[in-house]
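Chains A and B, in that order, give the protein sequences. Numbering-wise, my numbering comes out as the position in the first sequence, counting from 1, plus 25. Numbering-wise, my numbering comes out as the position in the second sequence, counting from 1, plus 413. For reference, the structure is listed below as structure tokens.
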Amino acid sequence: MLNLKMNPSSQEAIQDGGKAAVEVRGVNIFYGAFQAVRNVNLSVQKGKITAMIGPSGCGKSTVLRSINRMNDLIPSARLEGQVLFGGQDIYAPQVDPVEVRRHIGMVFQKPNPFPKSIYDNVAWGAKINGYKGNMDELVEQSLRGAALWGEVKDKLQQSALGLSGGQQQRLCIARTIAVKPNIILMDEPASALDPIATLCIEDLMRELAQEYTIIVVTHNMQQAARVSDFTAFFTVGDDRTGMMVEYGPTEQIFTNPKDERTEGYITGRFG
Amino acid sequence: MSVHIRERFERKLSELRDRILHIGSLVEQEMTLALTAFEGLDRALAREVFALDEQVNAERFEVEDLCLQLIVTQQPMARDLRLIVTAITMVVDLERMGDQAKGVAKVIPHLHDHLELVKPPELKEMGVLVRSMISQAMEAYATSNVELAATIPPMDDDVDRLYAKVFTQIMYMMTEVKDPHQAESTYELLRVARELERYGDLATNVAERVVYMVTGEMVETNVDRVDWAE
Numbered sequence: 026m027l028n029l030k031m032n033p034s035s036q037e038a039i040q041d042g043g044k045a046a047v048e049v050r051g052v053n054i055f056y057g058a059f060q061a062v063r064n065v066n067l068s069v070q071k072g073k074i075t076a077m078i079g080p081s082g083c084g085k086s087t088v089l090r091s092i093n094r095m096n097d098l099i100p101s102a103r104l105e106g107q108v109l110f111g112g113q114d115i116y117a118p119q120v121d122p123v124e125v126r127r128h129i130g131m132v133f134q135k136p137n138p139f140p141k142s143i144y145d146n147v148a149w150g151a152k153i154n155g156y157k158g159n160m161d162e163l164v165e166q167s168l169r170g171a172a173l174w175g176e177v178k179d180k181l182q183q184s185a186l187g188l189s190g191g192q193q194q195r196l197c198i199a200r201t202i203a204v205k206p207n208i209i210l211m212d213e214p215a216s217a218l219d220p221i222a223t224l225c226i227e228d229l230m231r232e233l234a235q236e237y238t239i240i241v242v243t244h245n246m247q248q249a250a251r252v253s254d255f256t257a258f259f260t261v262g263d264d265r266t267g268m269m270v271e272y273g274p275t276e277q278i279f280t281n282p283k284d285e286r287t288e289g290y291i292t293g294r295f296g
Numbered sequence: 414m415s416v417h418i419r420e421r422f423e424r425k426l427s428e429l430r431d432r433i434l435h436i437g438s439l440v441e442q443e444m445t446l447a448l449t450a451f452e453g454l455d456r457a458l459a460r461e462v463f464a465l466d467e468q469v470n471a472e473r474f475e476v477e478d479l480c481l482q483l484i485v486t487q488q489p490m491a492r493d494l495r496l497i498v499t500a501i502t503m504v505v506d507l508e509r510m511g512d513q514a515k516g517v518a519k520v521i522p523h524l525h526d527h528l529e530l531v532k533p534p535e536l537k538e539m540g541v542l543v544r545s546m547i548s549q550a551m552e553a554y555a556t557s558n559v560e561l562a563a564t565i566p567p568m569d570d571d572v573d574r575l576y577a578k579v580f581t582q583i584m585y586m587m588t589e590v591k592d593p594h595q596a597e598s599t600y601e602l603l604r605v606a607r608e609l610e611r612y613g614d615l616a617t618n619v620a621e622r623v624v625y626m627v628t629g630e631m632v633e634t635n636v637d638r639v640d641w642a643e
């Protein structure tokens, strides 16, 4: 649970499987004086995969990073508005961002395993969080959850850097799920991988969605169409500020979008 | 925002639309010829209908090939995808309409022309109606005109009413007929009526597909109303 007092209805909302896993409300994000993103309102459904698509510079990665306060690591970054997780604003003054990131994990575009053993990569996060249970079991469970166990079970003490790109990415996913998050954010998780490894990650995403809520930023529209339940389309205005244009069920967005800007982008008529 | 126009894709989509329009016009021509042949019991014209139908069949497969090609090479989305899916489904209905026209032409050799055959005037009315329907449906397709497409289902209701009327008439005629050749000819009139009625149904399907292509909504208008209670 979050390190702050939650009101009982929010706790119930999480336990009951309340529909929204996270809500972005009226969010504006600035880097210094520059407004990167304007007035984003997005309610991400629990247990579903939500894709964020749009042209370069539209702010989708910025919004993704704001959901687990990764933008805090950028000194000039500032957020107005609210990001509600379990009914609580994660940007409230008393909230610990590290604790937020335990509940809302992130997988990056370029696989970034630690220069440690496969085992230690997975165990590290849990150890840091004071996990007292059977670590071997947790590591195995996490590697199984990332569809990697079979390939590495006989070499857990070997360096993670010896794995292939696709395996490294799955290791990063194992590392993320070892701390039992609620939500997994993925920033173009397959763009550095070959087509087969990409499809592997996509299959894994669908399996993970049975237990976690997933939000994925992707440049690959076919991937968004294959893998997600909901899609949010972002675009960038003339002032270079990004905004969300349309949000809906993936099937509807890709067969019959409501906004012509969405249609222009997904049909490749506008870059 | 820079504009990227997928030129090659656009050209191919244009080609696809033109091919569909061409098949539509062939199918309209087929029925026109078939009805003229039927009117004058003209076997030479009937043979022309058959030749046209072969052309429709060949072009149908070319359209399906083009659609497959576009799907695999262009990953179409949204309205492009709907256009291609519409072409695939519409071409099947158009090809069937060609078969219906051929069906009208087929009866001509079975109509014994030494006999005085009374053709119910409703058949001519049905012919006029169904030809308008396909003409309007293809116009609606060409111009993405949903309002025009919507005028076609009510016309089909008129075709169905005429069919019901002519069916009863022909059944009555058959009970009055003594000569077996005349009975056969009279029966063939029923076949013509059925082909026209089906042609109307399929033209309605084509109109529904146009609506889907433009709006993304599939609305079924050919609802069979049957009173099951006796």
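Just so you know, even glycine gets a beta-carbon here, dropped at the ideal spot from N, CA and C. Remember, predicted model here, so these are calculated numbers, not experimental data.
Does A500/B have its Cβ less than 7 Å from a Cβ in chain A? no
Can you find a CB in chain B that lies within less than 7 Å of the CB of Q119/A? no
Contact set between F255/A and chain B, taken where Cβ atoms lie within less than 8 Å: Going along chain B, no residue has its Cβ under 8 Å from F255/A, so there is no contact; the nearest lies around 16 Å.
Reducing DSSP to helix, strand and coil, say where D284/A ends up. D284/A falls in the coil class under three-state DSSP.
Compile a chain-ordered list of the residues in the stretch 230 to 255 of chain A whose CB is closer than 8 Å to at least one CB of chain B. M246, Q247 and A250
Let me know the alpha helix (DSSP H) ranges lying completely inside the stretch 563 to 627 of chain B, each 4 residues or longer, listed in chain order. 565 to 589
Using a Cβ cut-off of 8 Å, pull out every chain B residue sitting near F139/A, in sequence order please. Under the 8 Å cutoff, chain B gives no residues; its nearest Cβ is about 37 Å from F139/A.
List the residues of chain B that K288/A touches, going by C-beta distances under 7 Å, in chain order. For clarity, residue 288/A is Glu in the given sequence; the question names Lys instead. Chain B residues near E288/A: A491 and R492.
If we ignore side chains and look at the alpha-carbon of each, how far apart do Y290/A and D263/A end up? 16 Å
Measure the alpha-carbon distance for I418/B versus T292/A and round it to whole angstroms. 10 Å
Could you check the C-alpha separation between E552/B and A577/B for me, to the nearest Å? 28 Å
For S548/B, does the three-state DSSP call read helix, strand or coil? helix
Inter-residue spacing [alpha-carbon to alpha-carbon] between P122/A and D284/A: 36 Å
Under a CB-based cut-off of 7 Å, is F13/A close to chain B? Past the edges of chain A, shown from 26 to 296, lies residue 13/A, and the structure says nothing about it.
Is the beta carbon of G516/B less than 7 Å from the beta carbon of E608/B? yes
Under three-state DSSP, which class holds Q36/A? Only weak support exists for where Q36/A lies, its pLDDT of 40 falling under 50; the value from the coordinates is given anyway. Q36/A falls in the helix class under three-state DSSP.
Buried or exposed (CB count within 10 angstroms, at least 16 for buried), E37/A: Any answer about E37/A is weak, because its pLDDT of 39 lies below 50 and its placement is not dependable; what the coordinates show is given next. Exposed, by the Cβ-count rule.
Opposing strand residues paired with G273/A [DSSP bridges]: T256/A
Candidates A222/A, Y144/A and P80/A: which alpha carbon is nearest T287/A's? Restricting attention to A222/A, Y144/A and P80/A, the CA atom closest to the CA of T287/A is found in P80/A.
Distance, Cα to Cα, S68/A vs G112/A? 12 Å
Using a C-beta to C-beta distance shorter than 7 Å, which residues of chain A count as neighbours of G629/B? T280 and N281
Any contact between the stretch 492 to 511 of chain B and the stretch 424 to 437 of chain B? By contact I mean 3 or more CB pairs, one from each, below 8 Å. Short answer: they touch.
Give a yes or no on whether 7 Å exceeds the smallest Cβ distance from T292/A to chain B. Yes, T292/A counts as interfacial toward chain B.
Rounded to whole angstroms, what's the CA-CA distance from G130/A to I208/A? Just pull it up for me. 6 Å
Candidates R432/B, E508/B and F474/B: closest to E443/B by CA position: E508/B
Got a sec? Which residues, its chain only, sit under 6 Å from D114/A by beta carbon, not counting five neighbours each side? Q107.
Would R354/B count as contacting chain A if we go by Cβ distances under 7 Å? Within the shown structure, residues of chain B are numbered from 414 to 643, placing residue 354/B beyond reach of any answer.
Got a sec: is the Cβ-Cβ distance from V416/B to anything in chain A below 7 Å? Confidence in V416/B is poor, its pLDDT being 48 and thus under 50, which makes the residue's placement unreliable; the coordinate value appears in the next sentence. Output row for V416/B: interface = yes.
Output the distance between the C-alpha atoms of T499/B and M626/B, rounded to the nearest integer angstrom. 6 Å
Other residues of its chain near G190/A: CB distance less than 7 Å, five sequence neighbours each side excluded: P136, A217, L218 and A222
Proximal residues of chain A, C-beta to C-beta of Q488/B below 7 Å: Q247
Note down the Cα distance separating T243/A from F110/A, rounded to an integer number of angstroms. 23 Å
At the 7 Å Cβ level, is R509/B part of the contact set with chain A, yes or no? With 7 Å as the cut-off, R509/B does not count as an interface residue toward chain A.
Local conformation of M31/A per DSSP, three classes: Residue placement at M31/A is flagged as unreliable, the pLDDT there being 37, under the threshold of 50; the coordinate-derived value follows with that caveat. Coil, per DSSP.
Is there contact between the stretch 197 to 207 of chain A and the stretch 167 to 178 of chain A, where contact requires at least three CB pairs shorter than 8 Å? yes
Please report how far the alpha carbon of M230/A lies from the alpha carbon of N245/A, in whole angstroms. 15 Å
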